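Heads up: the structure comes next, in structure tokens.
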Amino acid sequence: MGASWGSKWYSVLDNDPAKCRVEMVDCRPGPIGTGDDPWVPLPDHLSGCQEFSSEAVAVSAVRAHVLSATQEKILELVVAVELLKLKMQRLRLLEPRSSVRDEEILRLKLEAAELTAELKYWRDLRRAKIPVS
Numbered sequence: 046m047g048a049s050w051g052s053k054w055y056s057v058l059d060n061d062p063a064k065c066r067v068e069m070v071d072c073r074p075g076p077i078g079t080g081d082d083p084w085v086p087l088p089d090h091l092s093g094c095q096e097f098s099s100e101a102v103a104v105s106a107v108r109a110h111v112l113s114a115t116q117e118k119i120l121e122l123v124v125a126v127e128l129l130k131l132k133m134q135r136l137r138l139l140e141p142r143s144s145v146r147d148e149e150i151l152r153l154k155l156e157a158a159e160l161t162a163e164l165k166y167w168r169d170l171r172r173a174k175i176p177v178s
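Each residue of the sequence shown is one higher than the one before, starting from 46 at the first, in our numbering.
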């Protein structure tokens, strides 16, 4: 498999959305007057990737993949954080003040903070510019 005449863009999709990118294979024409279209061998790591005629379309395809790959994880984290908030609220309203209750609330706060940091990572990943090489 190879590419010929002009530039071709390939979307490199990965299960890890942070590794998705667009790569270009440059297929410039050969010496003038030969009448032959150059044939550029495709690198092995692009052999299973989808080819696009323009960079914008390839970036759009990668963006769609990243959005679909991250949506479920973000939803899962948002629900987990909200459940932790409800548990903290239940403890504050229904349990009498005690060191055990306060420790449990503190533990839930720390767990919610960790999940919120992970949620920020996934949201930033959705907003990040798609790498083109």
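Cβ atoms here follow ideal geometry from the backbone N, Cα and C, with glycine treated the same way. Keep in mind the model is a prediction, meaning the values are calculated, not measured.
Is the beta carbon of residue i less than 8 Å from the beta carbon of residue j?
i: Tyr55; j: Ala103; result: yes
i: Glu149; j: Leu136; result: yes
When we look at the beta-carbon of residue i and count the other beta-carbons within 10 Å, is it buried (16 or more) or exposed?
i: Lys174; result: exposed
i: Pro62; result: buried
Taking the alpha carbon of residue i as the point to measure from, which residue in the options has its own alpha carbon closest?
i: Ser113; options: Arg171, Lys53 and Val124; result: Arg171
i: Leu160; options: Glu68, Leu129 and Ser144; result: Leu129
i: Pro88; options: Met69, Ser98, Leu139 and Pro141; result: Met69
i: Val123; options: Ser98, Ala162 and Gly93; result: Ala162
i: Gln95; options: Leu120, Lys53, Glu121 and Val111; result: Lys53
Pull up the distance between the alpha-carbon of residue i and that of residue j, whole angstroms please.
i: Asp59; j: Ala158; result: 28 Å
i: Met133; j: Ala101; result: 46 Å
i: Gly78; j: Ala106; result: Here Gly78 scores only 47 on pLDDT, less than 50, and its place in the model should not be relied on; the value that follows carries that caveat. Their Cα atoms are separated by approximately 37 Å.
i: Ala109; j: Val57; result: 12 Å
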